[in-house]
Amino acid sequence: MSDVDQAFGNRGNRDASVVNPRGRGTIDGSRRSGAIGPGKDGDPFLIGDGMSGGYGRGPDILHDCTIAVEKGQIAVIVGPNGAGKSTAMKAIFGMLDLRQGSVRLNGHDITALNPQDRVKAGMGFVPQVNNIFPSMTVEENLEMGAFIRDDDISGTLEQVYDLFPAVAEKRKQAAGELSGGQRQQVAVGRALMTRPQVLMLDEPTAGVSPIVMDELFDRIIAIARGGLPVLMVEQNAQQAMNIADKAYVLVQGANAHTGTGKELMANDEVRRTFLGG
Amino acid sequence: MSTNRQAAASNPWRAPILFAFLAILFVLEGTVRNSMFSGSWNTALAILNMGLISAITALGVNMQWGYAGLFNVGVVGFLALGGVAPVLVSLQPVEGAWQAGGPRVLFALAVGVGTLALATQVWKRLHRGRTLAMLAVLLVGFVLYRGLFDPAVTAIEANNPARHGNLGGLGLPVLMSWLVGGAFAAAAAWAVGKVALGLRSDYLAIATLGIGEIIVAVLKNEDWLARGVKNVTSIPRPVPYEIDLQQNPEFVEFATRWGFSAAEASGIWVKLCYMLLFLVVLLSIILLAELALKSPWGRMMRAIRDNETAAEAMGKDVTARHLQVFVLGSAVIGIAGAMMITQDGLMAPVSYNPLRYTFLIWVMVIVGGSGNNWGAVLGAVLIWFLWIKAEVWGPELIGLLTSPLPEGGLKEHLLDSSAHMRFIAMGLVLLLVLRFAPRGLVPEN
Amino acid sequence: MDILNALVAFLNFVFIPAAAYGAQLALGALGVTLIYGILRFSNFAHGDTMAFGTAVTILATWGLQAMGVSLGPLPTALLALPFGIAATAAMVLLTDQAVYRFYRVKKSAPIILVMASVGVMFLMNGITRLLIGVDEQRFADGTRFVIDVRTFKAMTGLQEGLALKTTQVLTVVVALLVVWALFWFLNRTKSGKAMRAYSDNEDLALLSGIDPEKVVRMTWIIAASLATIAGVLYGLDKAFKPFNYFQILLPIFAAAIVGGLGNPLGAIAGGFVVAFSEVAITYPWLKVARYLFPGWQPEGLLQLLGTEYKFAVSFVILIAVLLFKPTGLFRGKSV
Numbered sequence: 001m002s003d004v005d006q007a008f009g010n011r012g013n014r015d016a017s018v019v020n021p022r023g024r025g026t027i028d029g030s031r032r033s034g035a036i037g038p039g040k041d042g043d044p045f046l047i048g049d050g051m052s053g054g055y056g057r058g059p060d061i062l063h064d065c066t067i068a069v070e071k072g073q074i075a076v077i078v079g080p081n082g083a084g085k086s087t088a089m090k091a092i093f094g095m096l097d098l099r100q101g102s103v104r105l106n107g108h109d110i111t112a113l114n115p116q117d118r119v120k121a122g123m124g125f126v127p128q129v130n131n132i133f134p135s136m137t138v139e140e141n142l143e144m145g146a147f148i149r150d151d152d153i154s155g156t157l158e159q160v161y162d163l164f165p166a167v168a169e170k171r172k173q174a175a176g177e178l179s180g181g182q183r184q185q186v187a188v189g190r191a192l193m194t195r196p197q198v199l200m201l202d203e204p205t206a207g208v209s210p211i212v213m214d215e216l217f218d219r220i221i222a223i224a225r226g227g228l229p230v231l232m233v234e235q236n237a238q239q240a241m242n243i244a245d246k247a248y249v250l251v252q253g254a255n256a257h258t259g260t261g262k263e264l265m266a267n268d269e270v271r272r273t274f275l276g277g
Numbered sequence: 001m002s003t004n005r006q007a008a009a010s011n012p013w014r015a016p017i018l019f020a021f022l023a024i025l026f027v028l029e030g031t032v033r034n035s036m037f038s039g040s041w042n043t044a045l046a047i048l049n050m051g052l053i054s055a056i057t058a059l060g061v062n063m064q065w066g067y068a069g070l071f072n073v074g075v076v077g078f079l080a081l082g083g084v085a086p087v088l089v090s091l092q093p094v095e096g097a098w099q100a101g102g103p104r105v106l107f108a109l110a111v112g113v114g115t116l117a118l119a120t121q122v123w124k125r126l127h128r129g130r131t132l133a134m135l136a137v138l139l140v141g142f143v144l145y146r147g148l149f150d151p152a153v154t155a156i157e158a159n160n161p162a163r164h165g166n167l168g169g170l171g172l173p174v175l176m177s178w179l180v181g182g183a184f185a186a187a188a189a190w191a192v193g194k195v196a197l198g199l200r201s202d203y204l205a206i207a208t209l210g211i212g213e214i215i216v217a218v219l220k221n222e223d224w225l226a227r228g229v230k231n232v233t234s235i236p237r238p239v240p241y242e243i244d245l246q247q248n249p250e251f252v253e254f255a256t257r258w259g260f261s262a263a264e265a266s267g268i269w270v271k272l273c274y275m276l277l278f279l280v281v282l283l284s285i286i287l288l289a290e291l292a293l294k295s296p297w298g299r300m301m302r303a304i305r306d307n308e309t310a311a312e313a314m315g316k317d318v319t320a321r322h323l324q325v326f327v328l329g330s331a332v333i334g335i336a337g338a339m340m341i342t343q344d345g346l347m348a349p350v351s352y353n354p355l356r357y358t359f360l361i362w363v364m365v366i367v368g369g370s371g372n373n374w375g376a377v378l379g380a381v382l383i384w385f386l387w388i389k390a391e392v393w394g395p396e397l398i399g400l401l402t403s404p405l406p407e408g409g410l411k412e413h414l415l416d417s418s419a420h421m422r423f424i425a426m427g428l429v430l431l432l433v434l435r436f437a438p439r440g441l442v443p444e445n
Numbered sequence: 001m002d003i004l005n006a007l008v009a010f011l012n013f014v015f016i017p018a019a020a021y022g023a024q025l026a027l028g029a030l031g032v033t034l035i036y037g038i039l040r041f042s043n044f045a046h047g048d049t050m051a052f053g054t055a056v057t058i059l060a061t062w063g064l065q066a067m068g069v070s071l072g073p074l075p076t077a078l079l080a081l082p083f084g085i086a087a088t089a090a091m092v093l094l095t096d097q098a099v100y101r102f103y104r105v106k107k108s109a110p111i112i113l114v115m116a117s118v119g120v121m122f123l124m125n126g127i128t129r130l131l132i133g134v135d136e137q138r139f140a141d142g143t144r145f146v147i148d149v150r151t152f153k154a155m156t157g158l159q160e161g162l163a164l165k166t167t168q169v170l171t172v173v174v175a176l177l178v179v180w181a182l183f184w185f186l187n188r189t190k191s192g193k194a195m196r197a198y199s200d201n202e203d204l205a206l207l208s209g210i211d212p213e214k215v216v217r218m219t220w221i222i223a224a225s226l227a228t229i230a231g232v233l234y235g236l237d238k239a240f241k242p243f244n245y246f247q248i249l250l251p252i253f254a255a256a257i258v259g260g261l262g263n264p265l266g267a268i269a270g271g272f273v274v275a276f277s278e279v280a281i282t283y284p285w286l287k288v289a290r291y292l293f294p295g296w297q298p299e300g301l302l303q304l305l306g307t308e309y310k311f312a313v314s315f316v317i318l319i320a321v322l323l324f325k326p327t328g329l330f331r332g333k334s335v
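Protein chains in written order, with full-length UniProt numbering: chain P, 1 to 277; chain A, 1 to 445; chain H, 1 to 335.
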């Protein structure tokens with residue numbers, strides 16, 4: 001909270017005739033990017049390496065945490081509530097101040113880039129909430145996803161519609177009027193419109209029904225098998241590990257267990273603590 | 001950076017030093033005669049008195065904003081409504097006006113209010129066809145109201161229109177009207193707040209903006225009430241008249257002993273009397289406000305302001321509390337309005353300009369430090385002083401700046417319009433304080 | 001019963017003035033609603049922005065007139081309008097950089113921007129006063145009427161006359177063009193869609209590569225243009241007086257809220273709703289009634305409210321809409 005905000009506390013923020021709280025941003029868009037550095041030999045496609053840091057001047061949430069994903073694979077981050085799963089994701093996306101560690105993508109060190117420039121560098125990110133433009137149509141949502149592209153986007157648009165046929169039928173409808181599962185599809189579709197090199201999903205199945213969840217997982221597998229690496233945070237650890245090529249169990253902001261989904265499912269400790277038996 | 005500022009803010013000497021600085025400004029105004037100050041105690045005290053009235057207004061706004069976060073931009077309306085009270089309370093009844101249409105006007109107003117109440121009840125009680133029923137009630141009520149109201153008003157306004165044409169007052173002591181003014185403003189605030197605060201989110205700001213305009217329009221046009229734009233003059237005073245003092249040999253002797261002419265001394269004396277009255281009101285309101293703020297009620301108010309959701313979850317009726325504060329704050333503004341008219345002895349509705357009576361008050365509150373009563377007082381008196389002096393200093397400044405310019409149209413135009421510098425000055429002061437000392441000169445603890 | 005004459009009286013005294021006034025309010029409300037949707041606060045300085053833009057346009061008009069430039073039957077102010085728009089856009093961009101940007105970058109609560117807009121209001125008010133003073137200015141030139149009462153009577157042989165002022169036609173035509181252009185921009189162009197996206201979800205817009213500062217700049221420029229055009233049309237139709245531009249803030253806000261704050265379509269609808277109600281409620285219907293019911297001799301003027309209370313009309317409509325449809329006629333959503 002800035003000094004100005006402290007001075008005004010919670011005054012006047014309820015009065016809808018003077019202030020509009022809807023759609024306000026939280027990301028500091030004014031931060032400038034630093035230079036891109038060289039990567040390290042033998043790096044995975046995307047790696048957040050030994051990350052430590054927290055929000056602003058607050059305490060560290062991540063402690064030497066490492067997350068990586070290889071081409072064509074699905075990596076999932078699981079862990080108990082408050083383990084820093086989403087924070088790790090945000091750290092990789094540049095929404096967190098890292099004190100230590102680096103983020104490297106496709107042979108480049110992008111630690112100094114701000115989130116906007118990471119999108120341009122090839123990262124597609126789907127936030128957990130507020131991940132669509134509710135008053136715009138589905139098609140406009142997808143177009144906005146492709147905002148940084150100057151070439152013809154109709155091919156990508158068709159690919160996304162092929163991937164999500166349910167959404168394709170509603171392309172002229174306002175995205176805010178769709179069901180929860182369809183909104184998530186729009187959100188993922190929006191991120192795909194930039195033709196990213198890696199897709200990052202923050203709890204894509206939060207709040208959707210089990211049937212819709214299965215369908216979403218199917219789509220995500222299809223995306224990964226198409227060659228696009230997927231990194232996602234998931235609460236439904238069991239299902240997530242089933243589809244994961246690589247899984248990271250975080251506890252209190254640090255790596256607790258790492259391995260393929262199958263390995264971790266076979267690990268007694270992981271099963272006892274996180275999978276409920 | 002912010003920690004520095006907060007350290008400065010918690011300095012216990014800050015407020016006394018600022019008040020001392022303010023006192024020095026007024027002493028300079030009273031004693032030094034140069035291009036910046038008038039050197040006249042009469043002027044200094046006149047500024048101070050109006051500053052005190054502004055301070056009470058700012059206190060009212062500060063209660064609404066500081067305690068509850070309510071954004072009232074209809075201050076001018078509540079101030080004007082309070083100003084009606086001295087007219088209706090203290091003037092002598094106008095001969096023949098009451099017989100001409102007094103009871104009829106009151107009856108018509110009762111019918112109007114009754115219609116609104118009935119329409120509300122119809123809407124609440126009925127289910128099918130309630131829209132039609134309510135509209136019918138409103139239509140019939142309106143026709144009835146106008147049928148009763150118009151002839152009564154015509155009759156009153158036809159009664160000696162050159163001198164009166166209004167109902168006049170009750171002939172009671174003018175000091176009583178201060179409380180009545182508060183009550184008037186409180187009633188209007190209740191009506192506005194009841195509607196605008198109860199909605200899904202508040203629409204208070206726009207509602208107050210509207211009611212402010214309407215109250216001023218009513219005052220300008222309803223001649224039977226306070227003679228409209230024809231103004232009401234010679235409202236009785238609670239303090240002696242200058243002319244009586246000047247004819248009193250004891251006072252003249254007293255004045256000469258202090259080295260003042262009788263004319264000057266009488267003016268100062270009257271203003272000092274007013275100042276005492278105003279100070280008593282101001283200090284009582286601050287005392288009550290501080291006591292209220294420290295009571296469980298005040299703690300609850302601040303809890304609601306700082307975390308409305310939590311307060312609501314704890315079962316506090318947020319809307320009802322907000323309505324309370326809004327009514328109380330408006331009552332204080334109404335009192336200030338009545339005091340202002342009492343001091344001026346004149347009710348001139350055209351002078352109620354929202355820039356001066358709403359937004360300047362907001363500058364005072366923000367500059368002083370929202371949420372702090374002493375801050376509001378300091379901000380009010382200081383800003384009022386600047387507002388008045390900017391009218392003098394503006395042309396001086398422009399004159400200085402334009403002195404190298406050749407004589408001609410541009411220079412003349414700039415000099416002519418330099419009185420408008422006060423608006424620019426006020427805007428700059430507000431913006432600078434908001435930027436560099438957002439917690440105000442005397443921040444909230 | 002004389003329907004034709006009644007209709008002409010209605011058109012002349014209610015419909016035409018209300019349509020012109022409604023167009024002016026709609027343009028003003030569009031500016032307010034855009035700022036509300038994108039910058040997320042109610043701009044109290046909007047009335048004074050209108051006044052400033054109009055004042056510059058008037059000065060430019062005088063300049064053009066002094067040079068002997070004119071538009072024939074149309075007011076010279078139309079030619080001066082681009083100067084007014086440019087100056088106002090420069091002015092608001094400057095205030096944005098100097099005042100609002102600081103709070104935007106710090107992600108301050110929007111109410112602080114409202115406070116800042118009060119400061120800007122004082123500044124703009126003072127600058128306008130410095131520029132042109134506080135007196136009433138009339139700056140409409142060219143042909144006054146498209147149809148005047150005498151011609152109309154001669155043409156139709158009706159007892160009731162009808163006058164159509166050039167400024168009224170101009171107001172409606174310009175407003176239609178501007179609104180069409182704005183909607184085309186918002187719904188069809190990439191930049192316009194980016195503005196709507198930013199209004200919907202600031203963070204996601206940023207993550208989509210939309211430059212927030214560019215969106216904000218475009219918003220200010222559009223709002224300044226709308227304000228100047230609205231102000232000049234209002235001034236041409238009535239007269240320019242700085243204080244009136246402050247007072248018009250209430251009907252403009254009322255129109256924006258009635259339509260649903262943040263919704264451009266709503267702002268236009270709201271403008272006309274407010275204008276038509278205002279004119280209809282303060283118009284003495286006696287004349288129309290006499291034509292319709294020749295036998296009826298009502299006592300009064302059949303005027304629901306005196307014209308002095310026209311602000312009360314905006315207020316009552318506002319309250320009624322908020323009571324029965326709290327999000328406005330067109331659901332207040334983002335731009």
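The C-beta atom is built at its ideal place from N, Cα and C for all residues, glycine as well. All figures in this text were calculated on a predicted structure; none of them were measured in a lab.
{"Check": "Run through the DSSP bridge pairs and tell me what ALA320 of chain A is partnered with.", "Outcome": "Answer by DSSP bridge pairing: none, since ALA320 of chain A is not bridged."}
{"Check": "Secondary structure at THR26 of chain P, three-state DSSP: helix, strand or coil?", "Outcome": "coil"}
{"Check": "Go ahead and pull the three-state DSSP assignment for ILE77 of chain P.", "Outcome": "strand"}
{"Check": "Please list the terminal residues of the continuous alpha helix (DSSP H) segment that includes ALA217 of chain A.", "Outcome": "204 to 221"}
{"Check": "Hey, does GLY210 of chain A have any beta-carbon neighbour from chain H nearer than 8 angstroms?", "Outcome": "yes"}
{"Check": "Using C-beta distances below 7 angstroms, list every residue in its chain close to PHE19 of chain A, excluding the 5 sequence neighbours before and after it, in chain order.", "Outcome": "LEU378"}
{"Check": "Using a Cβ-Cβ cut-off of 8 angstroms, state whether ARG14 of chain P counts as contacting chain A.", "Outcome": "yes"}
{"Check": "If you run the structure through DSSP and keep just helix, strand and coil, what is ALA83 of chain P?", "Outcome": "coil"}
{"Check": "Please classify GLU157 of chain A as buried or exposed, where buried requires at least 16 neighbouring CB atoms within 10 angstroms.", "Outcome": "buried"}
{"Check": "So the alpha helix (DSSP H) HIS413 of chain A belongs to, where does it begin and stop?", "Outcome": "409 to 416"}
{"Check": "Which same chain residues, not among the five before or five after LEU201 of chain P, have their C-beta less than 6 angstroms away from its C-beta?", "Outcome": "VAL126, MET232"}
{"Check": "By how many angstroms is the C-alpha of LEU323 of chain A removed from the C-alpha of THR327 of chain H?", "Outcome": "22 angstroms"}
{"Check": "Which ranges would you report for the alpha helix (DSSP H) in the segment 66 to 145 of chain A if only whole runs of at least 4 residues count?", "Outcome": "75 to 90, 97 to 125"}
{"Check": "Taking the C-alpha atoms as reference points, what is the distance between MET51 of chain P and ASP60 of chain P?", "Outcome": "10 angstroms"}
{"Check": "Using a Cβ cut-off of 7 angstroms, pull out every chain A residue sitting near MET155 of chain H, in sequence order please.", "Outcome": "The contacting residues do not exist; MET155 of chain H stays about 38 angstroms from chain A at best."}
{"Check": "Work out the CA separation of ILE17 of chain A and ARG24 of chain P for me, nearest whole Å.", "Outcome": "41 angstroms"}
{"Check": "Between which two residues does the beta strand (DSSP E) containing LEU231 of chain P stretch?", "Outcome": "230 to 233"}
{"Check": "Can the beta-carbon of THR54 of chain H be found less than 8 angstroms from the beta-carbon of GLY235 of chain H?", "Outcome": "yes"}
{"Check": "Does any CB atom of chain P fall closer than 8 angstroms to the CB of SER314 of chain H?", "Outcome": "no"}
{"Check": "Entirely within the segment 214 to 269 of chain P and at least 3 residues each: give me those beta strand (DSSP E) ranges in chain order.", "Outcome": "230 to 233, 246 to 251, 254 to 259"}
{"Check": "Can you tell me the Cα-Cα spacing of ASP268 of chain P and MET213 of chain P, whole angstroms?", "Outcome": "26 angstroms"}
{"Check": "Counting C-beta neighbours from all protein chains within 10 Å, is the total for LEU288 of chain A 16 or more, i.e. buried, or is it exposed?", "Outcome": "exposed"}
{"Check": "Can you tell me which of the three DSSP states ASN13 of chain P falls into?", "Outcome": "coil"}
{"Check": "Report yes or no: is there a C-beta of chain A within less than 8 angstroms of the C-beta of ASP97 of chain P?", "Outcome": "no"}
{"Check": "Given PHE78 of chain A, which residues of its chain have a CB within under 6 angstroms of its CB, disregarding the five upstream and five downstream residues?", "Outcome": "ALA185, SER330, ILE333, GLY334"}
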